[in-house]
Each structure stands twice: as structure tokens, then as C-alpha cells.
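Participant:
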Amino acid sequence: MLEQLRDFSKLVPSISSIRRLTPLARREMVWGVGFLSPWIIGFLAFTFLPIIFTFIFTFMNLNITDGLLSMLSPSKYVGFDNYATYFKDPQIWSSATTPGSWLITIRFGLIALPIGIFLPLGLALLLNNKHLKGQSIFRSLFYMPFIVPFVAAIFIWGGMLNSETGWINRALVWLGVPKANTPLWANDVHWVYPTYVIMGLWGIGNAILIMLAGLQSIPTELYDAAKVDGANGLGTFWNVTRPMISPVIFYNLVLGVVGLFQYFLFPLVVNNGNGNPAGATMFYNLYLYKTFFTYQNMSYGATMAWGLFVVILIVTILLFATAKYWVYYAGETRS
Amino acid sequence: MSAETTHSQPQNIGSITPEKAGRREAASPVSARTIHRLRNAVSATLVTGLTMGLVALFLSPFLFMIFTSLKTQGQMSLLGAPIWPAAQVEIEYAGKKIGVYTVPLGKCEGFDPGDASMRNLGLVKKGRQSSTFIDPNNLQGGEILCNVSWRALDRPWTFSPTWSNYAEVVKAINYPRLLWNTFFYALMSNLGTLLSCTLVAYGFSRFRFPGRDLMFMILISTVFLPFAVTIIPTYFFFQKIGWVGTWLPLIVPTFFTNAYDVFLLRQYFMTLPRELDEAAIVDGASPLRVLWSVILPQSFPVLVAVTVFHIVYAWNDYFGPLIYLSAHRELWPISVALPLFNGIYGSRPELIQAGSMLTLLLPLLLFLLAQRFFVQGIVITGVEK
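Sequences listed follow chains A and B, in order.
Its first residue numbered -15, the first sequence is counted upward by one per residue in this note's numbering.
Its first residue numbered 18, the second sequence is counted upward by one per residue in this note's numbering.
In C-alpha cells, the structure reads:
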């Protein structure tokens, strides 16, 4: 899917290229644009214009109770006040006592992202093992929890992780961990991120399927050739499997990073969105959600949204820039 | 599993003629082929066993949910209670229900003091020094006096699912109403998605014109756009025109496509041969006619994939209904209602797990019915370019 995003500049049409169209080609264009119109209208109405308005809101002092026409009133415009507040906000940039929302998001990402990439990859490799019997059954079983609505998954795992009656702490006690040392999970500041990761495990089925399909699409000739050249298992993995599935890993990495910066539903449902324990779960997007929805401060929420947008844009561009060093697209010659 | 592996082994035997095999065996008592086969069987057993173990761990919360949802209110917090839904055994004696306890027979009158065996007996009279029991299998045998404190005795458990938990939850959350709301949302938004995404994907896959590929690129890049950067003005605007508190903000935008499903449909349409379209065009069919009579009849699998994805998506959607319907409880889908239920019934784990079961039941059934389409659809979005 991501390969579509390269060579952006070559695709912008010139006006003369449209003028030069033959009547038949022009007819084709009319039909084509006609079929695309639901997307064009939707893109303008629900994506393009809202982005512009989000930007305008950042220079305003707009509340949910203000009317539409207040957009036109000069007294609602406050210049860069929201940005001044934003860059001094201790909830965003950490204070002496509590971690900031950016820091929280990144700390969690350092745990969740590697697990979110390598665990599905490991399981996909296991499912792709030639000695495995009943691959398609296992594939379905690993995928199955993905379709469980996440609120149900949270309550099921919440029960599993209950510090008194949950199976996980019971298993820990059975394995010899003293009862007093078993974790409090979502209520313990040191265990709350692992708790979210565990609760999120039921979502890895999608990544497993994608990675497994990536592994299966590797031509077997490549493995035969490596075998002939005397490569061992590890060498084959590093020189054949790794480059061949790098586009799939890249796809999951980009979606994972974009998802990480928008992470907030788990803290919202598991810890009621109040940032507990000890302010450790006031993720950036959760703070944004509370600002705009709970406190109904449209303008400050919009400012935070632009901050988020800019960061995601930069990180995505950086990821795409690194891609040429480690992502291998078959059929492409590298200079 | 190991039975399966041994079954699959003897395939090659037929290809060896008895004579050949005999010569081999003469050379070495265990032939290379046997060693190879044995090694494969061991590998298969190890790999398959490991995978089974991981799957069991991965899916164990389902068992936890089912077990817990069938327990009585008290069992969860009772010390020494089994993990499966169980009840303490009771018997009917002299017109009363009495509990059954596990009694060491050596402490009872009429039994050998050296008797170390235990027996499950009904407790007739409680006492701190000695208690009176009755044998459930021999009620006519008379009461037995034992020198034990009844409090020190264990009680046997018997499998006993409490199905009424489900009835209680169905009533408490008004399950039929929630199901209807969720269904309505899934169906209407699926209608919008199918209609709009099919048209747009057809436009992207079958018409050539300047700017098309640029637009496709913009479409794909919206996948990475954080929703926060569009939601605030959208919400503000919907609130001003009075749509907040109705289904409209959730359903109307689905009639204007989403990037994932357009991509999925476009990839599929691109694989269909153009010869059929061209033949229809030569016969004078309009582009809409080609879509309806040529493309769509060949696209059944991908249309089903989009539909099942979308229904699962709608079932899972929490944020949209939360912000647009928060003050209108009568419109809530099940995903929004469940956390509230969880907040109210926090001390009733058996009801919460029953509620979770009721929430995931329909998507799970859909998955079991339409597995094949799921897998195809995911593979298209994830692996194809």
C-alpha cells in the first residue's frame, strides 16, 4: 500500500496536458472524475476543510457554545496565545512532579512498538515453519481475538489481570511468586504500560496475517539458491527473508507509529481517562480528547491537534527517508 | 497431534521397492531415510506442540470469560473455590437442605480410629467439638457422630453453571435495544461504504486521466492523518447544525468513502480482465452498466470482505458513538454501553464477563462464517502495493 506514496511530484498534471486531451480521452476523464466525485466531495468536506479550520481555530478563543458566525468576529481571534500556552503547558512538556504527555506517549511506545513488530513477526515465522501441521487452523485461531470489540477485550483481560482473582496472578503465585509481590497491573504505575501491552495483544492477529502472507510470497527459488550457496538457517533469514519482508515490516512500523501517537482508547476505558495511576496514563491524544470534548475548549484542542499533526508528519517523513536504507522493493534497482 | 504426524509419515514407503529397501537395511540397521523421517516427526511434534501451547495461552482469556460468566455471585471471592463454575454440594434431608462436607472417617463413631479415608457426608448438626452427619448414599443408615469441628472441614464442589447471569445482563443492559442500535449503525454505514467505495474504486481502476494517480496518492495518505486534526471543526459544525445526538454524523460520512475500502476494492478490480468490459463497451454499454453487469458480478468475494470488515469495524467503534451520542443513551451501540455497565457492576465480575461474551458473540460468529474473506482482504491491504 505504501509504495503508492513515492514519486509524488511526477503525478501532478499540468493544465496543458488536460487541454491536449482528445475528445475521447476527455469523455473518459469526465466519467472518471464523476465516479471519483464521492471521494472528492468527502475529502474536501471531511478532511481538507476541517484541517484548514483546525488551523484557523488555533488562533482563536473558540468554545463549543459559540455560534458559527463567531468565526467572523475579530474579537474571537487571539493571535498566538494558544501556542504560548501550548509551549508552556506542564501537562504536555513534563513538570518536576508529573511526566508530560509527549514523554508518556514515547515511553509507552518504546515498550509497545518493538513488541508490536517482533512478536507478530516471530509468530508468523512459527506459523510459516514447514514442520507445523494445521497451519490454517492456527492462523485463524491467532487472528480470531482481533475481531473481539476492544471494550470487551479490555474487560476480559481486566478480569484475567485482576490482582486478587485473575488467572495471571494466580498463575504467578502457583509458579512461586510471593502473593505480596504480585503486580497490581493497571493500578500500579510501574505495571500500567505492560498491562496495556498485554491487553493489546489480542490485536496482533492482523499483523501476524500480513507478515505471514509476506513470508509466503517469497519465491522458493531464493531459498533454494541460498541453500545451494551453502547458507545456514540464520544466514538465509538475514539475507533472504529479512529483505523480502522488509516492505511488510515497514508497513506495520509506519501504521504502528501513527497509531502510537494517537493512542488513547485504552487509558480512557481502563483508567477512566483520568491519567491514573500517578499521572502515568495521560497520553497526548487523551489529553487532547479531554481538552476538546470534556472541557470543550475547541481552540486549545485544535492547537494540540496541530502539534500532533506536525509531529506525525515529521516522524513519517523520517521513516520514509530511512526506508531506502533497509526496505527492499522487488523489481526496483538501487543506485 | 502426534497421531497426525505419524499418519503423514509413511507416504514415501510405496516408492521404495522391497528389494531396494532390503539392500539398504543390509548396509546399515537404521537407514538414512528412516533417520530423516524420524527427525521430521520430532520437529513436527515440537513445532506443532509449541504452537498449540502458545495458542492455548493466547486464547485462555476466552476460557476465563466463559468460566467466570457462569459462576455464582460469591464464588469469585471464595477462598479455595475452583476456577470452573461450581457450587458446593447440598443434599435434602428431613425436609431441609444441608451442606455436604468431607469428613475423615477415623474420627467418627462406629469406624476404626485408624481409618484414614475421607467420605462426603451431609452435616446435620454443627458443633465445635463434635458434629453430626448423615451419609447421602445411605440416608436410612442413621446419623453419625464425629469428633470434628465442622468449620475445619473442606466442602466438595460440583460443576454448576449459573446461566441466569446471562438473563440478568440481558435485562440490565437492555441487550435487544443495544443489538438493534449496533445493527442499525453497522448496516447503514456499510451501505454507504459499499456504495461509495465501489464507485470510487471503479473510477480509479478503469479510467485514465491526468491527475488520477495524484488523487489516489492523496487518498492513501489520508490513512496516516491523525483523526484529531479533523475532528474538532467537524464536531463543532455537526453540533451547530443539530446533528450531535443523532446517527447522522456517524452514517453520512460513510457515503463519502474511506481509504481502506477504496484501496481494497481497487486492487481487486485491477485483477479483473479488461476484455469483458471492452466487449460490453463495444456492445454499447455505458460505464455504469459495465460496473453493474460486468464488474460487480465478478466481485462477490471482495464485496463480502468489505462488508464483514465493516460490520466488525462498526461493532468495535467506540469513539464516534461516544462523542456524538454521549447524551443519548437510547441510541448507544453496545461498545459504548458496556463500559458504563462495567462501572455500575464493578463488584459483579460474573456479570461483566457475561456482558463481554454478549458483546463479542456476533462478531465472533461472523468471523467463523466468513474467515476466508477476512484473510483475503487483509492480505490485499497489507502485502500488495
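The C-beta atom is built at its ideal place from N, Cα and C for all residues, glycine as well.
If residue 19(A) sits next to residue 219(B), beta carbons under 8 Å apart, how far is it from one beta carbon to the other, in whole angstroms?
Facilitator: So it is a contact: roughly 5 Å between Cβ atoms.
Participant: Whole angstroms are fine: how far does the CA of residue 195(B) sit from the CA of residue 354(B)?
Facilitator: The alpha-carbon atoms of residue 354(B) and residue 195(B) are separated by roughly 8 Å.
Participant: Who are the near neighbours of residue 298(B) in its chain, counting only those whose CB is closer than 7 Å to its CB and skipping five residues on each side?
Facilitator: Cβ within range, chain order: 307.
Participant: Is residue 257(B) close to chain A, meaning its C-beta is less than 9 Å from at least one C-beta of that chain?
Facilitator: Cβ-Cβ to chain A under 9 Å: yes for residue 257(B).
Participant: Which residue from 257(B), 110(B), 129(B), 324(B) puts its Cα closest to that of residue 208(B)?
Facilitator: The candidate whose alpha carbon is nearest that of residue 208(B) is 324(B).
Participant: Give, in chain order, every unbroken run of the alpha helix (DSSP H) that is at least 4 residues long and sits entirely within the stretch 102 to 136 of chain A.
Facilitator: DSSP runs (the alpha helix (DSSP H)) wholly in the stretch 102 to 136 of chain A: 119 to 127.
Participant: Quick one: list the residues of chain B neighbouring residue 269(A), beta-carbon separation under 7 Å, in chain order.
Facilitator: Under the 7 Å cutoff, chain B gives 245.
Participant: With DSSP collapsed to three states, give me the class of residue 386(B).
Facilitator: In this structure, residue 386(B) counts as helix in the three-state DSSP scheme.
Participant: So the candidates are 314(B), 258(B), 318(B); which of them puts its Cα closest to the Cα of residue 281(B)?
Facilitator: Comparing Cα positions, the closest option is 318(B).
Participant: Only counting runs of 3 or more residues, tell me where the beta strand (DSSP E) segments fall wholly within the stretch 115 to 197 of chain B, in order along the chain.
Facilitator: As far as the stretch 115 to 197 of chain B is concerned, its whole beta strand (DSSP E) runs of at least 3 residues are 135 to 142, 148 to 151, 161 to 163, 174 to 176.
Participant: Please state if the CB of residue 140(A) and the CB of residue 79(B) are separated by a distance shorter than 9 Å.
Facilitator: Against a cut-off of 9 Å, the Cβ pair of residue 140(A) and residue 79(B) comes out as a contact.
Participant: Contact criterion: CB-CB distance below 9 Å. Does residue 139(A) meet it with respect to chain B?
Facilitator: Output row for residue 139(A): interface = yes.
Participant: Taking Cβ positions only, does residue 203(A) come closer than 9 Å to chain B?
Facilitator: Judged by the 9 Å Cβ criterion, residue 203(A) is not in contact with chain B.
Participant: Provide the residue(s) that pair with residue 105(B) in DSSP beta bridges, ordered along the chain.
Facilitator: 174(B), per the DSSP bridge assignment.
Participant: Look at the alpha carbon of residue 184(B) and the alpha carbon of residue 178(A), and state the distance between them as a whole number of angstroms.
Facilitator: The straight-line gap from Cα to Cα measures roughly 35 Å.
Participant: Any beta-carbon of chain B closer than 9 Å to the one on residue 207(A)?
Facilitator: No, residue 207(A) lies away from the interface with chain B (no Cβ there is under 9 Å from its Cβ).
Participant: Using the C-alpha atoms, what's the distance from residue 88(B) back to residue 109(B)?
Facilitator: So the alpha carbons of these two residues sit roughly 23 Å apart.
Participant: Could you tell me if residue 229(B) is buried or exposed, where buried requires 16 or more neighbouring beta carbons within 10 angstroms of its beta carbon?
Facilitator: That one is buried.
Participant: Tell me which residues share the same chain as residue 0(A) and place their Cβ nearer than 6 Å to its Cβ, disregarding the 5 neighbours each side in the sequence.
Facilitator: Nothing listed; no residue qualifies.
Participant: For residue 222(B), does the count of other Cβ atoms within 10 angstroms reach 16, so buried, or fall short, so exposed?
Facilitator: By the neighbour-count rule (16 or more Cβ atoms within 10 Å), residue 222(B) is buried.
Participant: Quick check on the burial criterion: 16 or more other C-beta atoms within 10 angstroms. Buried or exposed for residue 74(B)?
Facilitator: Burial call: exposed.
Participant: Report the neighbours of residue 116(A) on chain B: residues whose CB is nearer than 7 Å to its CB, in chain order.
Facilitator: Here the neighbours are 64, 65, 68.
Participant: Alpha carbon to alpha carbon, how far is residue 42(B) from residue 57(B)?
Facilitator: Because the pLDDT at residue 42(B) is just 48, under 50, the model does not fix this residue reliably, and the value given afterwards should be weighed accordingly. Taking the straight line from one Cα to the other gives about 20 Å.
Participant: Return the CA-CA distance between residue 213(B) and residue 22(A), expressed in angstroms with no decimal places.
Facilitator: Between residue 213(B) and residue 22(A), the C-alpha separation is close to 6 Å.
Participant: Pull the bridge partners of residue 44(A) from the DSSP assignment, please.
Facilitator: DSSP, once it has assigned bridges, lists 61(A) as partnering residue 44(A).
Participant: To test your reading of the DSSP string, which unbroken alpha helix (DSSP H) runs of 4 or more residues are found completely within the stretch 163 to 226 of chain A?
Facilitator: Taking only runs of at least 4 residues, the alpha helix (DSSP H) segments lying wholly in the stretch 163 to 226 of chain A are 176 to 184, 189 to 200, 204 to 212, 217 to 220.
Participant: Take the Cβ of residue 117(B) as the centre, count every other Cβ of all protein chains shown within 10 Å, and call the residue buried at 16 or more, exposed below.
Facilitator: Buried, since its Cβ has 16 or more Cβ neighbours within 10 Å.
Participant: Closer than 9 Å, Cβ to Cβ, to anything on chain B: give me those residues from the stretch 140 to 163 of chain A, in chain order.
Facilitator: Those residues of the stretch 140 to 163 of chain A that come within reach of chain B (Cβ to Cβ, closer than 9 Å) are 140, 141, 142, 143, 144, 146, 148, 149, 150, 151, 154.
Participant: Distance, Cα to Cα, residue 81(B) vs residue 143(A)?
Facilitator: Rounded to the nearest angstrom, the two C-alpha atoms are 8 Å apart.
Participant: For residue 93(B), is the classification buried or exposed, using 16 other Cβ atoms within 10 angstroms of its Cβ as the cut-off for buried?
Facilitator: Residue 93(B) is buried by the Cβ-count criterion.
Participant: Output yes or no for whether 9 Å exceeds the beta carbon distance between residue 152(B) and residue 119(B).
Facilitator: Their beta carbons are not under 9 Å apart, which means residue 152(B) does not touch residue 119(B) by this criterion.
Participant: Quick one: using the 10 Å Cβ neighbour count with 16 as the cut-off for buried, is residue 394(B) buried or exposed?
Facilitator: It is buried - the Cβ of residue 394(B) has at least 16 other Cβ atoms within 10 Å.
Participant: Which residue marks the beginning of the alpha helix (DSSP H) containing residue 86(B), and which one marks its end?
Facilitator: 49 to 86 is the span of the alpha helix (DSSP H), which, as asked, contains residue 86(B).
Participant: Taking 9 Å as the threshold (beta carbon to beta carbon), is residue 229(B) in contact with chain A?
Facilitator: Chain A, which has a Cβ nearer than 9 Å to the Cβ of residue 229(B), makes this yes.
Participant: Determine the extent of the alpha helix (DSSP H) in which residue 255(A) is found, giving its start and end residues.
Facilitator: Run containing residue 255(A): none; DSSP gives neither H nor E here.
Participant: Answer with buried or exposed for residue 303(B), where buried requires no fewer than 16 other C-beta atoms within 10 angstroms of its C-beta.
Facilitator: Residue 303(B) is exposed by the Cβ-count criterion.
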